[in-house]
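Converting from the sequence shown to my numbering requires adding 309 to each position, the first position being numbered 1.
Scroll down for the structure; my scribbles are underneath it.
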Amino acid sequence: MGRLLSAVKRIPGLIYPAKCVSCGELLSDGGEVFCRTCYDSYENAKQEECSRCHKERCRCTCPSFSLGKAGLRRLIKLFRYQPAESDLPENRILYNLKQRHLKNVFDFFARELSESIDAALGEHEKATAILAPCPRSAGAKRKNGYDHTFLLCRAISKVTGIPVFSGLKRKRGGKMQKRLSGDERRRNIVNRFFIKNGDELTGKTVILFDDVTTSGATLLECRRVVKVAGASRVIPCVIAYSGRDFVLRPQKSRKKGKKYLRPIRF
Ligand SMILES: [Zn+2]
Ligand SMILES: [Zn+2]
């Protein structure tokens, strides 16, 4: 009965009237997950202008500062978020995605991310694409009862037709990333992932998916093992990232007057 009730609860508006996932207001105006006010705030975050390419965040593929510094050229995402502002609608929906198994939230993000993925990939990349979710720790899966990155990849796959690779695995042990500093995160994550059925990745364009990225440590380590397994290219994809933009500006070297590119800090 408990299982049936929790399944029924996931169908929005069937027993419980659908409410805004951010402020709890009844969704009387046809909103899927947000009321009008919260949706506007979310859209503003998506449409914020990237300071590097000047496109809106959800269409720009510039890397975050930490990923750009590590040499990555692309990052597909929907918006940049402020971790400290937990009351913002875009932060509250992320919380809902991780903590409450709501079908309308998964469907909403699947559609949103499918559009950004479609806009970011070239024709050859689309033809060879495969979605690889960064796996949660066993502790997080036990606590929430599900792995939201894997389930979201399956939902994206239904919209785009891109298959999901489930062979990127995480070893047991290690500390929770969110409680650690940037350097500690990088040290904690090294050699924590491994690949099963790696031949499925040979020659593929791997869309490496994580919900959010801060230090970039998880994405970089997963990218490394996916590359070693034979992927021809790896494009990280997240719902949101935090931190500065990665902007390059030509600067003159003091020694030889040569121009080189230096990241600008914001
Ligand atoms: Zn609202
Ligand atoms: Zn950009």
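The C-beta atom is built at its ideal place from N, Cα and C for all residues, glycine as well.
Exercise. Rounded to whole angstroms, what's the CA-CA distance from T535 to T469? Just pull it up for me.
Key: For the purposes of this step, residue 535 is taken as the residue at position 226 of the sequence shown. For the purposes of this step, residue 469 is taken as the residue at position 160 of the sequence shown. It is worth fixing the name first, because residue 535 is Val in this sequence and not Thr. If I take the Cα positions, the gap works out to 21 Å.
Quiz item: If you drop the 5 nearest sequence neighbours on each side, which residues of the same chain put their C-beta closer than 6 Å to that of I402?
Solution: Position 93 of the sequence shown, counted from the start, is the residue given in the question as residue 402. If we look at I402 and ignore the five residues flanking it on each side, its Cβ neighbours are V330.
Quiz item: Residues in its own chain within less than 7 Å of K355 by CB, not counting five upstream and five downstream?
Solution: Taking the sequence shown and counting its residues from 1, one reaches residue 355 at position 46. These residues qualify, in order along the chain: E365, R366, C367, L387, F388.
Quiz item: With a cut-off of 8 Å, do at least 3 Cβ pairs link the stretch 403–420 to the stretch 452–467?
Solution: yes
Quiz item: Span of the alpha helix (DSSP H) holding A379?
Solution: The residue labelled residue 379 in the question sits at position 70 within the sequence shown. No alpha helix (DSSP H) holds A379; DSSP gives it neither H nor E.
Quiz item: What first and last residue would you give for the beta strand (DSSP E) that runs through R442?
Solution: Taking the first residue of the sequence shown as 1, we reach residue 442 at position 133. Just to set this straight, residue 442 is Pro in the shown sequence, not Arg. It spans 438–442 - the beta strand (DSSP E) in which P442 sits, taken as one unbroken run.
Practice problem: State yes or no: is the C-beta of E341 nearer than 7 Å to some heavy atom of ligand 1? | Solution: Within the sequence shown, numbered from 1, the residue matching residue 341 stands at position 32. No, the beta carbon of E341 sits no closer than 7 Å to any heavy atom of ligand 1.
Exercise. Could you check the C-alpha separation between A540 and S350 for me, to the nearest Å?
Key: Here residue 540 corresponds to residue number 231 of the sequence shown, with the count starting at 1. Here residue 350 corresponds to residue number 41 of the sequence shown, with the count starting at 1. For A540 and S350, the distance between alpha carbons rounds to 37 Å.
Quiz item: Got a sec: does ligand 2 put a non-hydrogen atom nearer than 7 Å to the Cβ of R553?
Solution: Locating residue 553 in the sequence shown gives position 244, counting from the first residue. With a threshold of 7 Å, the Cβ atom of R553 does not count as near ligand 2, since no heavy atom of the ligand is closer than that.
Quiz item: DSSP state of F415, grouped into three classes?
Solution: Sequence index remark: in the sequence shown, residue 415 carries index 106 (1-based). F415: helix per DSSP, three-state reduction.
Quiz item: Identify the residues that DSSP records as bridge partners of R401: which are they?
Solution: The residue given as residue 401 occupies position 92 in the sequence shown. Residue pairing by DSSP places R401 in no beta bridge whatsoever.
Practice problem: For F575, count neighbouring Cβ atoms within 10 angstroms of its own Cβ and tell me buried if that reaches 16, exposed if not. | Solution: Working through the sequence shown from its first residue, we reach residue 575 at position 266. Reliability fails at F575, whose pLDDT of 41 lies under 50, so the model's placement of it is uncertain and no value is given.
Quiz prompt | Heavy atom of ligand 1 within 7 Å of E334 beta-carbon | solution = Along the sequence shown, one-based indexing puts residue 334 at 25. Correct: E334 has its Cβ closer than 7 Å to ligand 1.
Quiz prompt | Where the alpha helix (DSSP H) containing V473 begins and where it ends | solution = Position 164 of the sequence shown, counted from the first residue, corresponds to residue 473. No alpha helix (DSSP H) contains V473, which DSSP labels as neither H nor E.
Quiz item: If you run the structure through DSSP and keep just helix, strand and coil, what is R389?
Solution: Along the sequence shown, one-based indexing puts residue 389 at 80. Strand.
Exercise. Go through its chain and collect everything with a Cβ distance to F459's Cβ below 6 Å, but skip five positions before and after it.
Key: Within the sequence shown, the letter at position 150 stands for residue 459. If we look at F459 and ignore the five residues flanking it on each side, its Cβ neighbours are P442.
Quiz item: For S331, is the beta carbon positioned less than 7 Å from some heavy atom of ligand 1?
Solution: In the sequence shown, residue 331 corresponds to position 22, counting from 1. Yes, the Cβ of S331 comes within 7 Å of a heavy atom of ligand 1.
Quiz item: Can you check whether the CB of R494 is closer than 8 Å to the CB of S524?
Solution: On the sequence shown, position 215 is the one that residue 524 refers to. On the sequence shown, position 185 is the one that residue 494 refers to. Their beta carbons are under 8 Å apart, which means S524 touches R494 by this criterion.
Exercise. Taking A549 as part of the beta strand (DSSP E), name the residues at either end of that continuous run.
Key: Reading the sequence shown from its first residue, position 240 is the one you call residue 549. From DSSP, the beta strand (DSSP E) with A549 extends over 542–550.
Practice problem: Rank I465, K480, V499 by C-alpha distance to the C-alpha of R532 and give the top, closest one. | Solution: Walking along the sequence shown from the start, residue 532 turns up at place 223. The option with the nearest alpha carbon to R532 is V499.
Quiz prompt | With 16 other Cβ atoms within 10 Å as the buried cut-off, status of F555 | solution = Walking along the sequence shown from the start, residue 555 turns up at place 246. F555 comes out buried.
Quiz item: Quick one: what does DSSP say V468 is sitting in, helix, strand or coil?
Solution: The residue given as residue 468 occupies position 159 in the sequence shown. Note: V468 maps to helix in three-state DSSP.
Exercise. Determine the DSSP secondary structure at E358, reduced to helix, strand or coil.
Key: Looking up residue 358 in the sequence shown gives position 49. In the structure shown, E358 sits in a strand (DSSP, three-state: E or B).
Quiz item: Does the distance from the CB of L464 to the CB of F415 come in under 8 Å?
Solution: Walking along the sequence shown from the start, residue 464 turns up at place 155. Walking along the sequence shown from the start, residue 415 turns up at place 106. A small fix is needed here, since residue 464 is Ala in this sequence, not Leu. Yes. Within cutoff.
Quiz prompt | Rounded separation between F374 and I544 - CA only | solution = Position 65 of the sequence shown holds residue 374. Position 235 of the sequence shown holds residue 544. Computed Cα separation, rounded: 16 Å.
Quiz item: Excluding the five sequence neighbours on either side, which residues of its own chain have a C-beta within less than 8 Å of the C-beta of K328, listed in chain order?
Solution: Position 19 of the sequence shown, counted from the start, is the residue given in the question as residue 328. Excluding residues within five positions, the ones whose Cβ falls inside 8 Å are E334, L335, L336.
Practice problem: Quick one: grab the DSSP three-state call for L517. | Solution: Counting from 1 along the sequence shown, the entry for residue 517 is found at position 208. Assigned with DSSP and collapsed to three states, L517 falls in strand.
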